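A quick write-up on the structure given underneath.
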Amino acid sequence: MAEAAIGLIEQHGPAAHREAALAVLREIPAGTGPMTLNSPGPVDLCVAAAVAAAMNTHPRYVPAPQALRLTLVRHLREVEGRAIGAPARERVIDVSDADALQFLAQLYDDSYARLIPRQPSQRGPWEWDILAVLKAHLLGTPAAATTPEQAQMLKSKLLTILQAAAATPLKPSGPPPRGPRTGQRAQPTRKKPKKKR
């Protein structure tokens with residue numbers, strides 16, 4: 179988890195605390211032992227958030243890892259904005275669903291973007307993950323400034339999410355099928371006697 183957290187700090191860690199957080203993570207010994215943080219403060223907060231993100235982006239722990247990762251990135255950006263004293267109106271910590279869907283339509287076409295329900299309550303884990311990948315990108319790079327290389331990288335991430343969704347067996351919904359229960363003997367149907375004249 180420490181190795182995965184190093185990658186997250188390198189990509190998304192606050193610039194003011196990045197090197198100190200990386201130094202803490204590189205000192206953690208390999209293995210499965212518990213991790214102990216020495217002092218409460220911004221560096222340990224960055225380390226704890228990155229390790230939590232690394233743990234929770236593992237598909238064994240959460241079905242929508244990109245959505246969880248986006249939540250942690252937002253918190254890191256909020257903490258960084260407060261640390262440098264940026265006014266609240268200048269802190270960009272969120273991207274709207276509409277902007278993410280518009281960017282998705284820019285990457286592919288409008289018919290593809292329409293596949294994601296507009297109502298959040300109707301979305302599945304993979305749809306949340308697709309939006310989270312797009313939002314995380316838009317937090318750092320405007321849609322108009324996205325390079326073809328970045329667009330290709332985003333498309334490969336989205337393809338990975340779709341492939342994972344296709345490989346995930348869906349739980350059956352609705353009432354269970356009718357029939358004899360396990361362990362019960364099925365009774366034969368009785369024939370009605372013929373009426374006598």
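Numbering (the working numbering), first residue to last: 179 to 375. All C-beta atoms, glycine included, are put in the ideal place defined by N, C-alpha and C. All of these numbers come straight from a predicted model, not from anything done at the bench.
Nearest by alpha-carbon distance to S134: which of S299, P192, Q284, V311 is it? Because residue 134 is not part of the residues shown, which for the chain are 179 to 375, the question remains open.
My understanding is that C224 touches H195, with C-beta atoms under 8 Å, so please give their C-beta distance in whole angstroms. 5 Å
Going straight from the alpha carbon of I187 to that of I294, what length do you get? 30 Å
Taking Cβ positions, are A344 and L285 nearer each other than 9 Å? no
Can you say whether E181 is buried or exposed, counting buried as having 16 or more other CB atoms within 10 angstroms of its CB? exposed
Using 9 Å as the threshold, is the C-beta distance between L317 and V270 below it? yes
Taking only three categories from DSSP, how would you classify V229? helix
Classify S351 as helix, strand or coil using the three-state DSSP reduction. Note on S351: pLDDT 49, under 50, position unreliable in the model; the coordinate value appears next. Of the three classes helix, strand and coil, the one that applies to S351 here is coil, per DSSP.
Continuous alpha helix (DSSP H) assignments of at least 4 residues falling wholly in the region 232–318: 243–261, 275–285, 288–291, 303–318
Nearest by alpha-carbon distance to Y290: which of A321, R247, L336, Q189 is it? L336
DSSP three-state call for K333: helix, strand or coil? helix
Could you tell me the distance, in whole angstroms, from the CA atom of S274 to the CA atom of G302? 18 Å
Are there 16 or more other CB atoms within 10 angstroms of the CB of E258, so buried, or fewer, so exposed? buried
I'd like the span of the alpha helix (DSSP H) that includes G185, first residue to last. 180–190
So, for A193: in the same chain, excluding its five sequence neighbours on each side, which residues have a beta-carbon less than 8 Å away from its beta-carbon? E258
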